[in-house]
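**Student:**
In full-length UniProt numbering, the protein residues as written are 1 to 286.
1. Grab the span of the beta strand (DSSP E) containing residue 251 for me, first residue to last.
2. Considering only C-alpha positions, which residue in the set 176, 276, 100 and 195 is nearest to residue 217?
3. For the alpha helix (DSSP H) that residue 114 lies in, which residues bound it at each end?
4. If you count every other CB in all the chains shown that lies within 10 Å of the CB of residue 271, and 16 or more means buried, which is it?
5. CA-CA distance, residue 245 and residue 43?
6. If you compare alpha carbons, which of 107, 154 and 102 is closest to residue 125?
7. With a Cβ-Cβ cutoff of 8 Å, do residue 220 and residue 123 count as a contact?
8. What ranges does the alpha helix (DSSP H) occupy inside the segment 21-62, keeping only unbroken runs of at least 4 residues that lie completely in it?
9. Between residue 189 and residue 33, how many whole angstroms is the CB-CB distance? I'm expecting something under 8 Å.
10. What's the C-alpha gap between residue 170 and residue 46?
11. Is residue 18 helix, strand or coil when you go by DSSP?
12. Let me make sure I understand the geometry here. Which of 89, 63, 233 and 165 has the alpha-carbon closest to that of residue 180?
13. Would you mind stating whether residue 110 and residue 102 have Cβ atoms separated by less than 8 Å?
14. DSSP three-state call for residue 280: helix, strand or coil?
15. Between which residues of its own chain and residue 225 is the CB-CB distance below 8 Å, once the five residues before and five after are set aside?
16. Using a threshold of 8 Å, state whether the C-beta atoms of residue 135 and residue 263 are closer than that.
17. Within 10 angstroms of its Cβ, does residue 39 collect 16 or more other Cβ (buried), or is it exposed?
18. What do you get for residue 280, buried or exposed, if any count of 16 or more other CB atoms within 10 angstroms of its CB means buried?
19. Spatial neighbours of residue 12 within its chain, please: C-beta separation below 7 Å, excluding the five flanking residues on both sides.
20. Could you tell me if residue 59 is buried or exposed, where buried requires 16 or more neighbouring beta carbons within 10 angstroms of its beta carbon?
21. Assign residue 248 to buried or exposed, taking buried as 16 or more other Cβ atoms, counted over all protein chains shown, within 10 Å of its Cβ.
22. Should residue 204 and residue 228 be called a contact, given that it needs their Cβ atoms to be closer than 8 Å?
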């Protein structure tokens, strides 16, 4: 019986070879915390690591999907927004390596993940000045109807993420990988998030520390909020005299509903643009 820790140590050996070279110096010598993966967790080959390494593609995985996909096509100095989610979609056919991007999406008139629906509701409401696109979960049908009628344009999902990434938006999860998934969270999910925490901490600190580079951190959900707090980014910025070039936007996860849910708390993408303006940076064309 192979422990999950042992499997991950073996699988991720040489992980830097899969990472965009432009990012290697930012991470320096920081490594995943394999010791954070409890020894009682075992590896089951039926629950492989997703998304995969670029060097070990999985059958049925989306084209270009790999653990470090979020870092392709953008260099550290170009990043102005860091959007932090929770963990990858729990299927190899869906996880791409970019937070919230669903690699199995057949089109906007097909079945769309709830989290992605909410983000696109926020994006279209902001882009077209139509708040009715993002008041309730049912307003997703308004968005789809408007797109089908040609009243608004929805880019193919991959093109949408590519454009935003090229424009300096980093779509990254608190946990970069997943194996066995349990709805509502499970020990393996927590272990993956804990394993990647040192790299996430270094990522957030490194981006915040860049001279003359305003950065807004969009924290979607409790995992992202906790991660940002534990990273000490704000305290380091205040101590280092660069707190005036960073901002954080805290918002419920897109899957949450009700009076304290995602749609009930305003438009987080609009709040990001407001924060960018305060930092003297251009808005994102969400």
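For each residue, glycine too, the CB sits at the ideal point set by N, CA and C. No experiment lies behind these values; they were computed from the predicted model shown.
**Tutor:** So, to answer that:
1. 246-251
2. 276
3. 114-128
4. It is buried - the Cβ of residue 271 has at least 16 other Cβ atoms within 10 Å.
5. 43 Å
6. 154
7. no
8. 24-27
9. Incorrect: roughly 15 Å between the Cβ atoms, too far for contact.
10. 30 Å
11. helix
12. 89
13. no
14. coil
15. 219 and 250
16. yes
17. Exposed: under 16 other Cβ atoms inside 10 Å.
18. Exposed, because fewer than 16 other Cβ atoms sit within 10 Å of the Cβ of residue 280.
19. The residues are 32.
20. exposed
21. buried
22. Yes.
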